[in-house]
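Working notes, beginning with the structure itself.
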Amino acid sequence: MKRFVLLIGLLWFSFVITSKAQTSTDRTTLWEFTGNGLSTPSYLFGTFHLLCPDDLIFTEALKQKLEASQQLYLELDFSDPQIGMKMMENMRMRGKTYHDLYDSLTYRQVSDSLEKIAHIRLETLNNMKPFGLYSIVLMGALQCQPASWELQLVDLAKAKGMNIAGLETVESQAALFDTIPYKVQAEQLKEMVFNLDSTATEINELINLYKSQDIHTLHSRTITDPLMQDYLDLMLYNRNANWISIIEESAKSQATFFAFGAGHLAGDKGVINLLRKRGYTVKPVY
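Those letters in the sequence shown? Residues -21 to -1, 1 to 265, per mature numbering (1 follows the signal peptide of the UniProt record, and there is no 0), in order.
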C-alpha cells in the first residue's frame, strides 16, 4: 500500500516485465535512439523526482549528450514562469475538504502527524488534493531539502539556448490524478503519515535502485504493487504510448534530450521498447 502512495507521490513531485531486447545488465538511466529516418541521435534520460542534493550527479556522459542536443523535453515545461501558479491551482479540491474525507478523530490524527513530519497542520491545507500532500510527506521522510533533476536540466538548457517543452501539461497531468477518488487518495495519505518509518525505508530502497541505475527492478517494483494494478494503464502505459508520437516528431526535427521519470523507461510497454517497436535502434549509454 505504501509503495503505491510513494509512486503516485513521486509521479506528481513532476518500474520485472522487460522486452527480450533488454537485459538486466543494462544498468543505466541514459539511452540513445537512432535510425528510422532520424538525421541525428536523440536521448532518453530517466529522472527520479525526489532526491537529496548529494544523490543528483551529472555524469560526463549525461553532460555530453545534453550538450549534443538542441532541445529539451521534460514531463512538464518547467521553464514556464507560470508553472508554479498552475500547479497550485490544480492542487485544490473542488467541493471537498478533509472534513468530508475523514471522521473527526482521523482528521485530528492525520493533522497531528503532519505537524510532526512537516510542521504544518491539515487545517491550513484543508482543500489541497491528497496527492499534493504526498510530496510534502515524502520530503519529511527524506529528511533533506530535495534537489530537482528538472530544474537543473532547465538551467543548463537555458544557458545553452535550447528550446524547452513538456510532454504533458499541468492540467492534463492533474486530470490523471483526479480520476483516483479523493477518498482513496486520502486513505493512502493516512497510511503514509501513520507509518512514516516504513515510508522512509521504502523511499530509500527506491532511491538506491535509482542510484544503481537498475531501471528494470524499479519498473518491477511499480507493476507488482497490488494497489497499482488498477492504475497501471492510467499512470504508466497510456502516458508512455501518448508520449511516443511527441518523441518521434521532436526527434525528427532536431536532436532532442527527453527527461522523464525512470519508471517509464523499462518494460514491454516502456518508452524504450515502444521506440524499438517503431523501428528505432535504442542503446544504453554508459
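Think of the CB as a built atom: it goes at the ideal place given N, C-alpha and C, for glycine as much as any other residue.
Rounded to the nearest whole angstrom, the C-alpha separation of Met66 and Gln152 is 10 angstroms. Relative to Leu132, the option among Asp193, Arg255 and Phe57 whose CA is nearest is Phe57. The continuous beta strand (DSSP E) containing Val261 extends over residues Thr260 to Pro263.
Taking the CA atoms as reference points, Asp176 sits about 45 angstroms from Gly258. Annotation: Glu170 is outside any beta strand (DSSP E); the continuous alpha helix (DSSP H) that includes it extends over Tyr161 to Phe173. Residue environment: Glu68 is assigned as exposed (fewer than 16 neighbouring CB atoms within 10 Å of its CB, all protein chains considered).
Taking 9 angstroms as the cut-off, the Cβ atoms of Leu117 and Leu29 count as close. Annotated as distal: Ile143 and Gln49, with beta-carbon spacing of 9 angstroms or more. Under a 10 Å Cβ-count criterion, Met214 is classified as buried, with 16 or more other Cβ atoms of the shown protein chains found around its own Cβ. With distances taken between CA atoms, Tyr86 lies nearest to Lys162 out of Glu150, Lys137 and Lys162. With respect to the 9 angstroms criterion, Arg218 and His198 are not classified as neighbours on the basis of their beta carbons. Beta-bridge annotation (DSSP): Thr13 is paired with Thr260. Per DSSP, the beta-bridge partners of Gln50 are Asn142 and Thr235. In this structure, Gly240 lies away from Thr38, with their beta-carbon atoms at least 9 angstroms apart. Assignment of Gly63 by DSSP, reduced to helix, strand and coil, places it in the helix class. Contact between Phe12 and Leu254 holds, with the beta-carbon distance rounding to 5 angstroms and staying under 8 angstroms. Distance from the CA atom of Pro263 to the CA atom of Gln233, rounded to whole angstroms, is 20 angstroms. As a beta-bridge residue in DSSP terms, Tyr22 pairs with Glu11 and Phe236.
Comparing C-alpha distances from Phe110 to each of Glu170, Glu181, Ala245 and Cys31 shows the shortest one belongs to Glu170. Counted as a single uninterrupted DSSP element, the alpha helix (DSSP H) harbouring Ser83 occupies residues Ser83 to Ala97. Bridge partners of Met107 according to DSSP: Arg71. A residue is called buried when at least 16 other Cβ atoms come within 10 angstroms of its Cβ; Ile36 does not meet this threshold and is exposed.
DSSP places Leu244 in the coil class of the three-state scheme, outside both helix and strand. Counting along the chain, His195 sits inside the alpha helix (DSSP H) bounded by residues Ile194 to Ile202. A Cβ-Cβ distance of about 24 angstroms is found for the pair Leu23 and Phe156, leaving them out of contact under the 8 angstroms criterion. Excluding its 5 nearest sequence neighbours in each direction, Ser90 has C-beta neighbours in its own chain below 7 angstroms: Arg100, Leu101 and Glu102, listed in chain order. Contact between Val261 and Trp10 holds: CB atoms are separated by about 6 angstroms, below the 8 angstroms threshold.
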